[in-house]
Amino acid sequence: MNRQVPVVVLAGFLGSGKTTLLNHLLHRSGGSRIGALVNDFGAIEIDAMAVAGALGDSTVSLGNGCLCCAVDASELDGYLERLARPSAGIDVIVIEASGLAEPQELVRMVLASEHPGIVYGGLVEVVDAAEFDATRARHPELDRHLALADLVVVNKLDRAADGERVLGLVRSLVDRAAVVPASYGRIDPEFLFDCRPSEERIGQLSFDDLHDRTASSGHEHAGHLHTGYDSLSFTSEVPLDPRRLMQFLDTRPEGLYRIKGSIGFGPHDPANRYAVHAVGRFLRFYPEAWPPGAERLTQLVLIGSGIDAPALAKELEACKSDAPHADEHGMWGVLRYVPDPEDSAA
32 MNRQVPVVVL AGFLGSGKTT LLNHLLHRSG GSRIGALVND FGAIEIDAMA VAGALGDSTV
92 SLGNGCLCCA VDASELDGYL ERLARPSAGI DVIVIEASGL AEPQELVRMV LASEHPGIVY
152 GGLVEVVDAA EFDATRARHP ELDRHLALAD LVVVNKLDRA ADGERVLGLV RSLVDRAAVV
212 PASYGRIDPE FLFDCRPSEE RIGQLSFDDL HDRTASSGHE HAGHLHTGYD SLSFTSEVPL
272 DPRRLMQFLD TRPEGLYRIK GSIGFGPHDP ANRYAVHAVG RFLRFYPEAW PPGAERLTQL
332 VLIGSGIDAP ALAKELEACK SDAPHADEHG MWGVLRYVPD PEDSAA
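Residue numbers (the working numbering): 32 to 377.
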């Protein structure tokens, strides 16, 4: 099964800093190729012009209307087709919504997509910390938008007189979403996508190379916003028990935004490992054959805001099982989140 390109919905009211955040991601992508579907409200496509120079032919621009009202799911598939085709080499697609778009409808459209080459990558809601109270008063629907989000970026903290109060208020309004503080839209791209190209590119360091360098040279962290998130890496030579893992996933804590990697279930499916893709409350498993001669490891990375990494590691350790036999219905919980092969085929 060919890899699907994640589609991230980037939403937020007018002036919250969505385009600034997108441009930051473009310049900190770690070599990944970003495609963007930019939706301006108005006949002059200002936001599209702001990102077109960095994206070139990887931009699809929709002007003079909100995406959620201007197109239906089948039309959206047509736009995504231009970005998700294998020849484009896109690693992640970002839909930058108009400041007047309805995030719930955009998410619904992506989830309703019949394009086999894409997968929903989460809803990112950007809020202006300096104008949060005024925006909320004018647009009470903001509370509903925050409750839908998988990641909330509290932007423009450098301009807010009481940033900590705003952060606390936003955290009280979200539903298990990670809340990340930011100024000038500067968040770590790892929140949204793997900073690794789908193919090696000559002359560029991989994300792992950069991570090793910054870990050994503290001064190279200057200008990077790393304090807003925590991460946990988990590796196991022992297979995981699917029932225990699903209990862990069903009760994952608030702020745990992303889970990615591959899982071995041992006797429950000896032929396959399962790639896992979780963004907020969205979860999918993708069975794939073990590569010949590959060591059969479970390897996971968990990323979130305010998570208790040692406690999560302990819970994952409890998911290990070296039982030689599988119970008959043990995989049912996992298989509920495996896409239909006909829908996932390239």
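The C-beta atom is built at its ideal place from N, Cα and C for all residues, glycine as well. Since the structure is predicted, the reported quantities are computational estimates derived from the model, not experimental observations.
Using beta-carbon positions only, say whether residue i and residue j come within less than 8 Å of one another.
i: VAL36; j: ILE121; result: yes
i: PRO318; j: ASN303; result: yes
i: ALA128; j: VAL40; result: yes
i: ALA191; j: ALA143; result: no
i: ALA209; j: LEU177; result: no
i: MET362; j: ASP300; result: yes
i: LEU5; j: VAL123; result: Outside the shown range of the chain, which is 32 to 377, sits residue 5, and nothing can be said about it.
i: VAL307; j: GLY292; result: yes
i: CYS350; j: ASP272; result: yes
i: GLY199; j: ALA119; result: no
i: ARG217; j: HIS55; result: yes
i: VAL184; j: VAL155; result: yes
i: LEU343; j: LEU276; result: no
i: PHE316; j: TYR305; result: yes
Taking its Cβ as the centre, do 16 or more other Cβ atoms sit within 10 Å of residue i, making it buried, or is it exposed?
i: PRO171; result: exposed
i: ASP174; result: exposed
i: LEU366; result: exposed
i: GLY19; result: For residue 19 there is no data in the structure shown, the boundaries of the chain being 32 and 377.
i: ALA133; result: According to the sequence shown, residue 133 is Glu rather than Ala. Under this definition GLU133 is a buried residue.
i: ASP219; result: buried
i: GLU326; result: exposed
i: GLU106; result: exposed
i: LEU236; result: Low confidence applies to LEU236: its pLDDT is 26, below 50, so where it sits in the model is not reliable, and the reading given next is rough at best. Exposed, because fewer than 16 other Cβ atoms sit within 10 Å of the Cβ of LEU236.
Quick one: what does DSSP say residue i is sitting in, helix, strand or coil?
i: VAL17; result: What is shown of the chain runs 32 to 377, which leaves residue 17 out entirely.
i: ASP159; result: strand
i: GLY216; result: coil
i: VAL211; result: strand
i: GLY361; result: coil
i: VAL205; result: coil
i: VAL197; result: helix
i: PRO341; result: helix
i: LEU333; result: strand
i: LEU45; result: coil
i: LEU68; result: strand
i: ALA74; result: For ALA74, the predicted structure reports a pLDDT of 29, less than 50, and the residue's modelled location is therefore unreliable. The matter cannot be settled from this model.
i: HIS242; result: Any answer about HIS242 is weak, because its pLDDT of 33 lies below 50 and its placement is not dependable; what the coordinates show is given next. Correct three-state label for HIS242: helix.
i: LEU366; result: helix
By how many angstroms is the C-alpha of residue j removed from the C-alpha of residue i?
i: VAL150; j: VAL141; result: 8 Å
i: ARG274; j: ILE338; result: 23 Å
i: THR50; j: TYR110; result: 19 Å
i: PHE163; j: ASP358; result: 52 Å
i: ARG196; j: ARG167; result: 14 Å
i: ARG207; j: GLN278; result: 16 Å
i: THR416; j: VAL310; result: Beyond the ends of the chain as shown, which are 32 and 377, falls residue 416; an answer cannot be given.
i: GLY364; j: VAL158; result: 36 Å
i: LEU347; j: ALA165; result: 43 Å
i: PRO147; j: HIS356; result: 35 Å
i: ILE126; j: PHE265; result: 31 Å
i: GLN135; j: ALA354; result: 43 Å
i: ARG116; j: PRO212; result: 34 Å
i: ASP371; j: GLU112; result: 20 Å
i: ASP189; j: VAL369; result: 43 Å
i: ASP193; j: SER47; result: 17 Å
i: GLY286; j: GLY295; result: 25 Å
i: HIS360; j: ALA320; result: 21 Å
i: LYS187; j: ALA340; result: 28 Å
i: GLY335; j: ALA180; result: 14 Å
i: VAL38; j: SER352; result: 34 Å
i: ALA42; j: GLY61; result: 23 Å
i: GLU221; j: VAL332; result: 11 Å
i: PHE44; j: ARG169; result: 11 Å
i: PRO322; j: HIS58; result: 34 Å
i: LYS345; j: VAL201; result: 29 Å
i: GLY153; j: ARG64; result: 18 Å
i: GLY297; j: SER267; result: 12 Å
i: SER203; j: GLU145; result: 35 Å
Could you confirm whether any beta carbon from chain B is found closer than 8 Å to the beta carbon of residue i?
i: SER264; result: The question asks about chain B, but that chain is absent: this structure has only one protein chain.
**Item:** alpha helix (DSSP H) runs contained entirely in the stretch 249–324, provided each spans 4 or more residues
**Value:** Runs found: 273–281.
**Request:** Return the chain-ordered ranges of every alpha helix (DSSP H) run that is complete within the stretch 106–178 and spans a minimum of 4 residues.
**Result:** Listed in chain order, the complete alpha helix (DSSP H) runs (minimum 4 residues) inside the stretch 106–178 are 134–142 and 163–169.
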